[in-house]
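Engineer: What follows is a structure written as structure tokens; I'll ask about it next.
Spelled out as structure tokens, the structure:
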């Protein structure tokens, strides 16, 4: 068992009444138990938690008035990683895929797998199906891309990245997801906190569906998969943006952390704060 | 009440063992009641119905052996259209949108709304919010596109269509959906049967979320919305392709119908057929 | 007659031996006479002037060693603007276009006119052919785009801009060029200095071929066409980038000016400079 | 010396007065001498030959009236291939490239080399510069693409093809040109007739600039380079389309040939024909 202290502090200057939708809360699923959790907003604003579907995503929504705004999220999470002998994990034939998994074969905004059938078949079609083939897709992605902050933007897709050969974690995930889907392996995007990620930031990785369950992968090799704490799951990054803003507000500062030791002093001034989500 | 006879007959030449995933069955929801329904496959193949999620989609999956394959789907549907006075239907503020609707604001494979914020704001930002604004988006789409079979393909997106100014029903829906999402109006793709569509074919239209519920729209003006029978609902056409084929098979012939009168003689040779889905 | 003092000072930090290709010199043609001109490089480097073809472009090439590098270009130019009564200027039928003009109907890297035939025909096909139609294209471009520094990059094309509806001078020119070509009007890109441009910078505008000659247009309305001093002419910005760098060098500072009064004190330290191009 | 009989017969149905621009005539350059040449148009139409620039391209332009139209071009060409020991042919440093060659480093409509710098550097940056590196680019293109008629269209670019991994001769050339330019090797498109091409058609290949001259390459391996007869040279296929049509006309039939033996019976009915271009 693995206890991890995660959190994020987001600061904004809000110019007009603005609605924020935040994907920063730790997801609820059987692999990670949240033992403590708080959301603090300074100055006080009511926060609504929107549970979104069967994936355990927990969107936060708040309507902010003009002025400075700081949102501090903190949680203590126990990870219950399964021990998996991946050497024997195979792929699932199309005819046997569960119905609710089929949607993760469809192309999505940033993962145009429908353009990459031949590409994927040529690069990976000759490999043994299974966990090792997804690993080969991750290796290919790692080897052909250069991790380059600033080289991509919010509208950059997997196809863009396959041509320009550079990107950040989100792009690595999109490329690997697209290649998996093009090979007939359901794949989806996961956002989260990651222990030992340097520099600390929200992280993007992905899951592939193999032999009856979802397996985590990370083509960036930037942090150990065993230290990932899931925030949200979706088709691609379009579904789990950590912050969506409707209104006029600028991000001023952002701090993200994920530590195996006790978390540091990320607390706000104890006055005027709010604990909207009590510990689970 | 409106009784409609819908159906489709798909013929394939199957060269290798092939899995078919079909979106041809009428969806289950409170606006349409299926009183009779059958699926016949010639020669006999077992058909699996995969229910996909809360949208009422009913995928059919079958594994076909090499040879000729004919799939005949027929249903009798009673439409319970609501009478709506659309003149007073408004939009829902972002802060009040239900959580499960938020996903239909996200960009998707064929609806790159994230690229069209300024486009939409300039064309439609000055209009009164509500049903009439979605109607204005439909009108704009109808007026700026030319319905041109063959002008687009399976990877064509709303942005492609906005530039080339031509497309088919699927493209009209993608454009309107993208513009709605860019305006902050949740929108999603609907496939279905349509009475009086000429030439008869599967049809693609869309829904926008206004004042607490989804409303059907069709930017093509090719058939009356009151005669639409829903098959599937999704983010865009990627989610509800009427046929997805894994294997080596060619489409030989396709027939689609939707009649308010008694359906014609679309029956197969009564020998060697199967009724996999008994009437509801 | 109009005497204009133009110039630019480019400063780089050169890390490895680097070749620079510069499009900063005033072009040679019958509409602008260069009465004084100098290029100074600090520290001393030999500068080669490459005349490129019949358009009067005058590329400068230099091989710089590591260290700081400053390139100062200055010229005094007399503009001989023609008086044109544009009200009667018509388009040239395709069958009568001069052979060397035909190439400016072809699509180019940033001007995908081959995707915009229907778009252009719908927006401008009903207008009277001639100068006024090109003016209408400029007006449309001005009205539908928002001038937004930073909204586009070096790989942005006219089609990208038509969707995102924002850009800078180069993008305005690309959009107008593309729409002209799609209408059958030859059009090409022009880079230059522009009097009264705020903030001062290199400018991008375009020419359309009408009734036997090329006419200057600028869809940005940022500076008077009568004060444009041409540097280079090409199919689009790909042909006349003001600076192309092969090697490892960063731009440190750039200053550009175009004044109708005597130019200010842009001179370098008079020691260690070079005058590679004497006055014409 | 190599005598080749080339020709093409194009048939159209012309519905409205239509201007044709044809790139079917053999180019004039020192490597190929045209000993006999004729252009016949049935029914009679005047044909204008437009010489386009220093590349030796010879556009034909004709204004056709409604009705059937047949254009028959025939030429006898002697190829004077140089014997080249390619093993020692190097690349030219950027600082030494002739000015009129620099333009072939710029990206163009179908060759977006500006998006492929890292791609090219990773795949080919470690190879020995020179003829062998261009050969490696051709080999890579041949090995990663599948020749698939119908898989691409008139707006397909090199980047599209690099993703979908299929195309025709024009696409192979665009990919190789783009990768050469991204490596700093000037490259341009060549259209022509090709002996032993199966099925016979116009062919597209390319040239790279190495050690002071242009060398022909063909990544498709469909026909021997020694049997290529050049029609036109340009930045990419946008510049040398064999037929550009302004008006309403449909292609009815097209026949192309290139034989080392005496040409067959491609002649029109000798009445009502025209010999617009006498033998050179």
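Protein chains in written order, with UniProt numbering: chain G, 1 to 280; chain A, 1 to 280; chain B, 1 to 280; chain V, 1 to 280. For each residue, glycine too, the CB sits at the ideal point set by N, CA and C.
Any chance you could list the alpha helix (DSSP H) runs of at least 4 consecutive residues sitting entirely within the stretch 163-246 of chain V, in chain order?
Structural biologist: DSSP runs (the alpha helix (DSSP H)) wholly in the stretch 163-246 of chain V: 169-182.
Engineer: Give the straight-line distance between the Cα atoms of residue 121 of chain G and residue 162 of chain G, rounded to the nearest whole angstrom.
Structural biologist: Sequence index remark: in the first chain, residue 121 of chain G carries index 121 (1-based). Sequence index remark: in the first chain, residue 162 of chain G carries index 162 (1-based). The straight-line gap from Cα to Cα measures roughly 15 Å.
Engineer: Starting from residue 107 of chain V, find everything on chain B with Cβ-Cβ shorter than 7 Å and list it in chain order.
Structural biologist: Here residue 107 of chain V refers to the residue found at position 107 of the fourth chain. Going along chain B in sequence order, the residues near residue 107 of chain V (Cβ under 7 Å) are 109, 238.
Engineer: Between which two residues does the alpha helix (DSSP H) containing residue 135 of chain A stretch?
Structural biologist: Within the second chain, numbered from 1, the residue matching residue 135 of chain A stands at position 135. Unbroken alpha helix (DSSP H) run through residue 135 of chain A: 131-144.
Engineer: Work out the CA separation of residue 4 of chain G and residue 192 of chain G for me, nearest whole Å.
Structural biologist: Your numbering for residue 192 of chain G matches position 192 in the first chain. Your numbering for residue 4 of chain G matches position 4 in the first chain. Each residue's Cα considered, the two are about 12 Å apart.
Engineer: Grab me the residues of residue 79 of chain V's own chain with a C-beta within less than 6 Å of its C-beta, minus the 5 sequence neighbours each way, in chain order.
Structural biologist: For this step, residue 79 of chain V is matched to residue 79 along the fourth chain. 2, 32.
Engineer: Buried or exposed, going by whether 16 or more other CB atoms sit within 10 Å of the CB of residue 272 of chain A?
Structural biologist: For this step, residue 272 of chain A is matched to residue 272 along the second chain. In this prediction, residue 272 of chain A has a pLDDT of 39, which is less than 50 and means its spatial position is unreliable; what the coordinates show is noted afterwards. It is exposed - the Cβ of residue 272 of chain A has fewer than 16 other Cβ atoms within 10 Å.
Engineer: For residue 114 of chain G and chain A, any beta-carbon pair shorter than 7 Å?
Structural biologist: Position 114 of the first chain, counted from the start, is the residue given in the question as residue 114 of chain G. It does; some Cβ of chain A falls within 7 Å.
Engineer: Exposed or buried, which one is residue 183 of chain V when buried takes at least 16 other CB atoms within 10 Å?
Structural biologist: Here residue 183 of chain V refers to the residue found at position 183 of the fourth chain. Answer is buried; the Cβ neighbour count reaches 16.
Engineer: Under a Cβ-count criterion, where at least 16 other Cβ atoms within 10 Å of its own Cβ denotes burial, should residue 261 of chain V be classed as buried or exposed?
Structural biologist: As a working note, residue 261 of chain V is residue 261 in the fourth chain. Counting Cβ neighbours within 10 Å, residue 261 of chain V comes out exposed, since fewer than 16 surround it.
Engineer: Secondary structure at residue 15 of chain A, three-state DSSP: helix, strand or coil?
Structural biologist: Within the second chain, numbered from 1, the residue matching residue 15 of chain A stands at position 15. DSSP places residue 15 of chain A in coil when its eight states are reduced to three.
Engineer: Under a three-way DSSP split, which group does residue 124 of chain B fall into?
Structural biologist: In the third chain, residue 124 of chain B corresponds to position 124, counting from 1. Note: residue 124 of chain B maps to helix in three-state DSSP.
Engineer: Residue 119 of chain A to residue 207 of chain B, Cα distance in whole Å?
Structural biologist: As a working mapping, residue 119 of chain A is identified with position 119 in the second chain. As a working mapping, residue 207 of chain B is identified with position 207 in the third chain. Cα to Cα, the separation comes out at about 27 Å.
Engineer: Please report the distance separating the alpha-carbon of residue 91 of chain A from that of residue 139 of chain A.
Structural biologist: Here the question's residue 91 of chain A lines up with position 91 in the second chain. Here the question's residue 139 of chain A lines up with position 139 in the second chain. Their Cα atoms are separated by approximately 18 Å.
Engineer: So, does the CB of residue 297 of chain B fall closer than 7 Å to a CB anywhere in chain V?
Structural biologist: Since the first and last residues shown for chain B are 1 and 280, residue 297 of chain B lies out of range.
Engineer: Here's the rule: buried if 16 or more other CB atoms are within 10 angstroms of the residue's CB, otherwise exposed. What is residue 171 of chain G?
Structural biologist: Mapped onto the first chain, residue 171 of chain G falls at position 171. Its Cβ being crowded by 16 or more others within 10 Å, residue 171 of chain G is buried.
Engineer: Could you tell me how far apart the beta carbons of residue 28 of chain V and residue 56 of chain V are, in whole angstroms, since I believe they sit closer than 8 Å?
Structural biologist: Counting from 1 along the fourth chain, the entry for residue 28 of chain V is found at position 28. Counting from 1 along the fourth chain, the entry for residue 56 of chain V is found at position 56. The Cβ separation is near 4 Å, so the contact holds.
Engineer: Taking only beta-carbon atoms, is residue 163 of chain V less than 7 Å away from chain G?
Structural biologist: By one-based count along the fourth chain, residue 163 of chain V stands at place 163. Interface residue, yes.
Engineer: Of the residues G/66, G/43, G/129, which one's Cα is nearest the Cα of residue 211 of chain G?
Structural biologist: Locating residue 211 of chain G in the first chain gives position 211, counting from the first residue. Ranking G/66, G/43, G/129 by Cα distance to residue 211 of chain G puts G/129 first.
Engineer: Determine, for residue 276 of chain G, whether the minimum Cβ-Cβ distance to residues of chain A falls below 7 Å.
Structural biologist: Taking the first residue of the first chain as position 1, residue 276 of chain G is located at position 276. Because the pLDDT of residue 276 of chain G is 34, which lies under 50, any placement of that residue in the model is unreliable, and the number read from its coordinates should be weighed accordingly. For residue 276 of chain G, the answer is no, since every Cβ of chain A falls outside 7 Å of its Cβ.
Engineer: Looking at chain G, is there any beta carbon in it that lies within less than 7 Å of the beta carbon of residue 121 of chain A?
Structural biologist: By 1-based counting over the second chain, the position of residue 121 of chain A is 121. Closer than 7 Å: no.
Engineer: Just to confirm my understanding: we take residue 65 of chain G, look at its own chain, exclude 5 residues before and 5 after, and list those with CB closer than 8 Å. What are they?
Structural biologist: Within the first chain, numbered from 1, the residue matching residue 65 of chain G stands at position 65. Once the five neighbours on either side are set aside, the close Cβ partners of residue 65 of chain G are 14, 17, 45.
Engineer: Does the beta-carbon distance from residue 256 of chain A to residue 8 of chain A come in below 7 Å?
Structural biologist: Here residue 256 of chain A refers to the residue found at position 256 when the second chain is read from its first residue. Here residue 8 of chain A refers to the residue found at position 8 when the second chain is read from its first residue. A contact, by the Cβ cut-off of 7 Å.
Engineer: Tell me which residues share the same chain as residue 70 of chain A and place their Cβ nearer than 6 Å to its Cβ, disregarding the 5 neighbours each side in the sequence.
Structural biologist: In the second chain, residue 70 of chain A corresponds to position 70, counting from 1. Taken in chain order, the residues that qualify are 11, 42.
Engineer: Say the cut is 6 Å; is the CB of residue 165 of chain A nearer than that to a heavy atom of the ligand PLP?
Structural biologist: With respect to the ligand PLP, the structure offers nothing, as it holds no ligand at all.
Engineer: Tell me the rounded alpha-carbon separation between residue 195 of chain V and residue 81 of chain V.
Structural biologist: Here residue 195 of chain V corresponds to residue number 195 of the fourth chain, with the count starting at 1. Here residue 81 of chain V corresponds to residue number 81 of the fourth chain, with the count starting at 1. Distance between the alpha carbons of residue 195 of chain V and residue 81 of chain V is about 14 Å.
Engineer: Mind listing the chain B neighbours of residue 118 of chain A? Cutoff is C-beta to C-beta under 8 Å, in chain order.
Structural biologist: Working through the second chain from its first residue, we reach residue 118 of chain A at position 118. Within chain B, the residues near residue 118 of chain A are 146, 164, 165, 166.
Engineer: Could you check whether the Cβ of residue 16 of chain V sits closer than 7 Å to any Cβ belonging to chain B?
Structural biologist: Counted from its first residue, the fourth chain places residue 16 of chain V at position 16. Output row for residue 16 of chain V: interface = no.
Engineer: On a CA-only basis, which of B/22, B/180, B/49 is nearest residue 216 of chain B? Give me that one, please.
Structural biologist: Reading the third chain from its first residue, position 216 is the one you call residue 216 of chain B. Answer by Cα proximity: B/180.
Engineer: Using a C-beta to C-beta distance shorter than 9 Å, which residues of chain B count as neighbours of residue 154 of chain V?
Structural biologist: The residue labelled residue 154 of chain V in the question sits at position 154 within the fourth chain. Correct list: 114.
Engineer: May I ask you to report which of helix, strand or coil DSSP gives residue 50 of chain V?
Structural biologist: The residue you call residue 50 of chain V lines up with position 50 of the fourth chain. Three-state result, residue 50 of chain V: strand.
Engineer: Note down, one range per segment and in chain order, each beta strand (DSSP E) of at least 3 residues found wholly within the stretch 21-81 of chain G.
Structural biologist: Those beta strand (DSSP E) runs which fall completely within the stretch 21-81 of chain G and span 3+ residues are 32-42, 48-52, 57-64, 67-79.
Engineer: I'd like to know if residue 159 of chain G contacts chain V, where contact means its C-beta is closer than 7 Å to some C-beta of that chain.
Structural biologist: As a working note, residue 159 of chain G is residue 159 in the first chain. True, the Cβ-Cβ gap to chain V drops below 7 Å.
Engineer: Please confirm whether residue 106 of chain V and residue 114 of chain B have their CB atoms less than 7 Å apart.
Structural biologist: Sequence index remark: in the fourth chain, residue 106 of chain V carries index 106 (1-based). Sequence index remark: in the third chain, residue 114 of chain B carries index 114 (1-based). No; because the gap between Cβ atoms is not below 7 Å, this pair is not in contact.
Engineer: Could you check if residue 168 of chain V is buried or exposed, using at least 16 other CB atoms within 10 Å of its CB as the buried criterion?
Structural biologist: Position 168 of the fourth chain, counting from 1, holds the residue named residue 168 of chain V. So residue 168 of chain V counts as buried.
Engineer: Excluding the 5 residues flanking residue 222 of chain V on each side, which residues of the same chain have their C-beta closer than 8 Å to its C-beta?
Structural biologist: As a first step, residue 222 of chain V is located in the fourth chain; it is residue number 222 there, counting from the start. Excluding positions up to five away in sequence, the list reads 147, 169, 194, 197, 198, 203.
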